[in-house]
Every structure is written in structure tokens, then in C-alpha cells.
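Residue numbers (our numbering), protein chains in the order written: chain A, 1 to 456; chain B, 1001 to 1336.
Notes for the one structure printed next.
And the structure:
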């Protein structure tokens, strides 16, 4: 109990801050911050597994997040039958062709000795394969994109409940991580960082421009929800009664019957959106707790000890007979899969998939700030980092506004400097993140809650 | 005649734009490679440092314009570059003193320095956005075209026009001057040689009496020159927007690594490799084949290898391929 005091203190302060937002701003804002904090926490756990446990740099978090989001679309959207009949066969044929090319290349690689001729043969297989695939898929893609382009124009998904996509998102992201890991994990740390950053950009480019699969920048809106809809809630009997009970004190003060009804309606509308957010919070909390238990177990297991040994001295671990390459690949896949879950959760919460919104600053570098600030190698630290940084990211604008008003109090309201500063308040969040990261790196390089390994 | 038309077509749509874009990338890539070679970390603040320099240049341009100063047919921004370089250098030295110096003296691993540079990236981004705002700005003035497409058509009587923007010529000329001076400096002067020695083997350089503080300071000054000029040239040719500059970091990294990181000449060529492959692979060759092939064989489609949406993806794929098969780059990296 005693030695966990700093963890408990840090989390209580964080919760206190969110509750303060609830009291002073609104419970709606507080809950949406809390939900995104939970999603960020899942992402940081993924990044923390890779960086904190194994010392692998993954700057491709954005790509895995987007793949998770794509899974949400492909699982939950109802299939578009016309599009399937228009171009489905071509797409399936192309898919088989891709598999065929991969198998052919593998066959050539395995069967023949390394030589110049082999390289040319592989290049020829790939290039001719790409040309054939383009010829096959082009009419299909055009046909699919012509099916009611304003509303669908893509193949749609499987029409299953969106919750399943959290698992599928993990598989998508893990699959991509397997491919990336196979080819790029041999690189030195900073090369790996750049390579993953660029690969994630490629992933985003594909998601943005393959309209037949993802609708691209036209966005997919109105995804299914695991939680009830506000509109339905507002008409449900038990919910109205519940709200009435909650606000009975305030309602009792209003004597006029029609005014009282209006006030109740207002409470119901507010209450419904709070209730929906609470549903999401519950779901996300379950995911975070399950992942936390699993990652903690892993950290203290023999496997976790081996990972730390590999991180701290790769050559020694290798000499002890540990397969460093295999373990690196495993942990890269696991971490990325967790990020994929977070990506699917994010799209589930928003109810829409906007490929244009995936930007490295928000989905890669911010997550890294969270991991570093929170404490890499420590799961509680990483989660706390997600909470703290996301909280500041959202609340930076009000804090910035307050600071600007304070420092320019002597100036008139129309003074150009004051107007300019107030206009640029949204960018104070970058400043805050940057300075926070620099200060933490300098004075507390292990993060707020540093890694603490004890043998249990 | 058709053959000439085809060549002019390629010149107009591929060669000239790629040469200008490649020069801009090349300057940025030399900046990255210099920091990597001497200060030994991947600088993720590259794009934002360039946007900081460009921002100062724009502010000075506006000031000069309000004074009524101009360079005639040349853009006023050229006049602002020296002042912008001063500010940029100052900014870099301040950052180095308060941020990077500590880690350099502690001999922190490169990864940690790269993380720190992300912090610098956030701060610089905030500074730029707070001062000048996030919107798109054009600050080009003076004569826009050196040769206009229809003038060229009239002059030569060809079907295809060749338009050369003055910014493209300025970019290419400035790059040639800048890069040749830099190579002369690195290869012929004593300071340049000591920089190369420091990059090659730090301890040995220290033993031979090379002052690391001086080397670091000079590196930052050169970096300031490169960042500012590279940024201003890009901004003149296209436009200035902080977000675009941040994104430009990616092809610049690609160029630096493709050329062999730590090797300025490799970075210089890497810029052109990236630019040309981006444009060659995403250009629609339909018109070209219409000129070259006889009428009966005219193509139906656009004959485009990849859609222009994948422009960035091309350079990144090249980078990934190079990283996998030749991690030291086309020209062996890590010698300055």
C-alpha cells in the first residue's frame, strides 16, 4: 500500500481534475474528456509495450489507429449488395491474384539460390502482377464507385455489431505490424522510427484514396452504436423517471407546472447525452482494465523479464539463447494490435470514420508524449500519461485564454496584440505539450511514475 | 516535330517542376544530414525549423514592402533572407543552449535526442502558429514567369508550350550557389575539414585539438542558412503554410536517407531522386504517347502508373526499399 502511494495520489489528482471540469464546465465535457483519456490510455499501453518493455520505437501509431478505425467500418456497415454484384467478383479476383503473387515470390525465394537472375524474376513477377491486378480491378472499382456515390459508392461491411470490430481491429493492426516487423525491425532505432512513420503515411494514403473500400475522404458517417441513441432515450419511460428522481431537488423549487415540464425536458436532453457517454465510459473502462491486468501479468512473468533483459542488453540476451528477432517481432505485433483496438474504439465512439483526420501530430507524436510523460515501462505510468496529456490537450485552450487575459489585462480589448493572442489561443496546446515534454525529459527522464521492477 | 513536342511536354510537366522541387528537398536533406552527421540525431523538428525561418522572412518581406523597397522583377523575399537567417540562427543557438546541449554533454543515446527534438517540434510549431497563424500565405512578388507557355509557342511554332516560372529558376540557381559553396567549405577550408573530422570520429577529433563548441555552433549556423533558404524557396514556389512544412519533413527525411544519411552529397542527389520518382510515377503519359506513337496505336487510358494521390507514398516506398536493401543509402552514408 505504502509504496503505491504515489500511484494512488497521481490518479486521485487526475480524477479530481476531471470532476472539477464536470462541476465548473459541464459533465458532458468532463465525460468526453474522460472517454478520450481512456482511449488514449489504450494507445499508450500499446506504445508502452513496445517502447517500455522492449525498447522498440514505433512512430507508426497513426497507421495502426487508422486500421482499427477501418475495421470498425468494415465490420459494422451493412453490405452494399449492388456494389458487390457490380464489382465484387473483380475485387475478389484481385485479392486472389495478390495472394498468388505473394506465394509465387515466396516460392522463388525459397527454391532458388540468391542471384541476380532471381532478383530480376521476382521484380518481373511483381511488376506483371501489379499490371494484371490493375487491369482486373479497374472496371470493378469504377463500377463500385458508381453505385449511388453520394451515399455509398463502396463495398460496405459485414453488418455485424460494432463491438466485434475491436477484436478485428486488433487483428488488422497486428497483421500490418507483422509485415512491417518482418522487414523493418532489423533497422537501427532511429531508422526504425523514420521507417514506421513513413509506412504509416502510406497506410493513410491508401485508406484516403481507395474509395471502393473505405469511401476515402467522403467519410463514413452514422456507424452503428453499442450504446443507445439519445433520441430514443429521451422518449423512454424509465429514463425520464430516473432523471426526474435525480433532479427532484431542483424540480421541486419550480412551482409552475408547465415551467417544470420544460425544465424536466431540458434535464432529460442533457441527461441522455451524459448517459450515452457513461455507457461508452463503462465499455472503455472494461477494455482498459482487461488490458491492464494482462499487461501487468506479462510484465512480471518470465516473459516480461526476458523482454527487459533483451531491452537492456540485446547481445547478452542473445548469448543466453533468447531469440531476440522473434521476441521483437512478437512484441511489435502485440503492441500494434492494442493500438488497433484503440483505433476501433475511437471510431466507435465518434460514430464516424474520417480518414482525413488522421495526422501524425495527433495520433503519433502526441501518443509518444503521453508515454514519455507518464513513465515508460510502467503501465500505470503510461495510462496516467494518457490521462494527463489528453486532459491538458483539451483544457490548454481555456487555460491559455485565462493566461492571455491575465497577462494582457492592462491592454484595451481592441489592442491588436490582445486580439491576436486571443485568436491564437488554440495553438497554446502545442506550446504546452512541447514545453511539458522538454521539462519531463530533462528533469524527470523516467516520467511521472517511473518504471519500478520488483521481483514478486 | 511531334518528337520535339513530346520532349517539350516532358520538360514542361516533369523535368522543370521536378528539378525545382528536388532542389528544395535537397537543401532540406542536407540540413537533416548535417545535423545527423555532426550532432548525431534525427531531427524531427526539421520541417518546423524551416517554417520558422520562412516566417521571419515573410515578416521582413512585409516590412520591406511597407517601406516601398523592392528588387524589381525579383521577389522582395530575397532581400529578407539574410535577416531571416540571423533570427533563425539565433533561435537555433538558443534551443541548442537550453535543450540539446545538456543531452550532448551527457552523451545521451540518439533516440533520446530524437525524442527531445519532438519537443522542440511542438514548441516551434506553436511559436510559428501563434506569431503568423496557421493559414496559407503567398508572399511572392515581382515577375511571375520567365517564359510563358504561349510566348514559347509563338517563338518556336510548336504545339506544346514551355512555361518557366521565375521562382523555379531562382530555386535552381540558389541551390547551385548554396550547395557548391557548402561543398567548397566542407572540403577546402580548415573549419570544414575539422567538421568532417568531428563527424567521422569525435574522440580523435577532440584529441587533435578541435574545439567541439565551435564545431557545434558553426553547424547550427550552416543549418540556419540551409533551413531558411530552403524554406523560403519552397514558400516562394508554392506557398507558406505551417502544416505543409511539417509534412515536408517526411520526403526530406526520405531524401536524406536514400542518399545515405550523414553524406551531404548523397542527400543532395537524394532530393532529386525523390522528386523525380514522385513526378515520373504519377504523371499521366497519355499525351506523350499521342505524340510519339503513330495514330493507330494511340492509348485509351491515361497511362498513369499511380494516381497523383499517392505522390507522397511513392517517395516513402522508395525509402522503405532502400532501407531494406541498402540501409546505408545509395551513397555510403555516415561520412561527412
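For each residue, glycine too, the CB sits at the ideal point set by N, CA and C.
query	result
Going by Cα to Cα distance, which pick from 1170(B), 1200(B), 1313(B), 1162(B) is closest to residue 1021(B)?	1170(B)
What residue range does the beta strand (DSSP E) around residue 1146(B) cover?	1145-1147
Is residue 147(A) helix, strand or coil when you go by DSSP?	coil
Taking the alpha carbon of residue 239(A) as the reference point, which residue from 265(A), 220(A), 226(A), 219(A) has its own alpha carbon closest?	265(A)
Check whether the stretch 228-239 of chain A touches the stretch 351-365 of chain A, taking contact to mean three or more Cβ pairs, one atom from each stretch, closer than 8 Å.	no
Measuring CB to CB, does residue 1042(B) end up less than 7 Å from residue 1061(B)?	no
If you check the beta carbons only, do residue 62(A) and residue 200(A) fall under 7 Å apart?	yes
Kindly list the residues whose CB is nearer than 8 Å to the CB of residue 37(A), restricted to its own chain and excluding five residues on each side of it in sequence; keep chain order.	18, 386, 387, 390, 391
On the three-pair Cβ rule with 8 Å, is the stretch 393-406 of chain A touching the stretch 427-442 of chain A?	yes
For residue 1293(B), is the classification buried or exposed, using 16 other Cβ atoms within 10 angstroms of its Cβ as the cut-off for buried?	exposed
Tell me whether residue 1164(B) sits in a helix, a strand or coil according to DSSP, three-state version.	strand
Between which two residues does the alpha helix (DSSP H) harbouring residue 1198(B) extend?	1190-1200
In or out: residue 184(A) buried (at least 16 other Cβ within 10 Å) or exposed?	buried
Counting pairs of beta carbons, one from the stretch 367-377 of chain A and one from the stretch 16-30 of chain A, are three or more of them closer than 8 Å?	no
For residue 1152(B), which residues of its own chain have a beta-carbon under 6 Å away from its beta-carbon, when the five flanking residues on both sides are left out?	1161, 1162
Need the endpoints of the alpha helix (DSSP H) that residue 1002(B) sits in, please.	1002-1010
With DSSP run on the structure shown, which of helix, strand or coil describes residue 1326(B)?	coil
Taking all protein chains shown into account, do 16 or more other C-beta atoms lie within 10 angstroms of the C-beta of residue 415(A), making it buried, or fewer, making it exposed?	exposed
Check the C-beta distance from residue 1194(B) over to residue 1141(B) and give it rounded, since I have them as a contact under 8 Å.	Incorrect: roughly 41 Å between the Cβ atoms, too far for contact.
Considering residue 1125(B), what are the terminal residues of the alpha helix (DSSP H) in which it resides?	1110-1132
Straight-line CA distance for residue 195(A) to residue 1086(B)?	33 Å
Counting only C-beta atoms, is residue 70(A) closer than 7 Å to chain B at any point?	no
Count the other CB atoms, across all protein chains shown, that sit within 10 Å of the CB of residue 1121(B); report buried if there are 16 or more and exposed otherwise.	buried
Please tell me whether residue 173(A) and residue 330(A) are closer than 7 Å, where the distance is taken between their beta carbons.	no
Taking the alpha-carbon of residue 311(A) as reference, which of 50(A), 350(A), 43(A), 7(A) has the nearest alpha-carbon?	50(A)
Is there a C-beta anywhere in chain A that falls below 7 Å from the one on residue 1147(B)?	no
Taking just the CA atoms, how far does residue 1276(B) sit from residue 1018(B)?	5 Å
Indicate whether the contact test is met: 3 or more Cβ pairs, each with one atom in the stretch 143-158 of chain A and one in the stretch 108-117 of chain A, closer than 8 Å.	no
Measure the C-alpha to C-alpha separation of residue 217(A) and residue 187(A) and round it to an integer number of angstroms.	33 Å
Could you name the residues of the stretch 54-84 of chain A whose beta carbon sits closer than 7 Å to any beta carbon of chain B, in the order they occur along the chain?	57
Please classify residue 92(A) as buried or exposed, where buried requires at least 16 other C-beta atoms within 10 Å of its C-beta.	exposed
Give me, in chain order, the residues of the same chain whose beta-carbon lies closer than 8 Å to that of residue 473(A); leave out the 5 immediate sequence neighbours on both sides.	Nothing about residue 473(A) can be reported from this structure: the residues present for chain A run from 1 to 456 only.
Tell me which residue opens and which closes the alpha helix (DSSP H) that residue 420(A) is part of.	416-423
Between the stretch 1090-1097 of chain B and the stretch 1007-1014 of chain B, can you find at least three pairs of beta-carbon atoms closer than 8 Å?	no
Thinking just about the alpha-carbon of each residue, which of 328(A), 427(A), 443(A) is nearest to the one in residue 179(A)?	328(A)
Could you give the first and the last residue of the continuous alpha helix (DSSP H) run that contains residue 281(A)?	257-300
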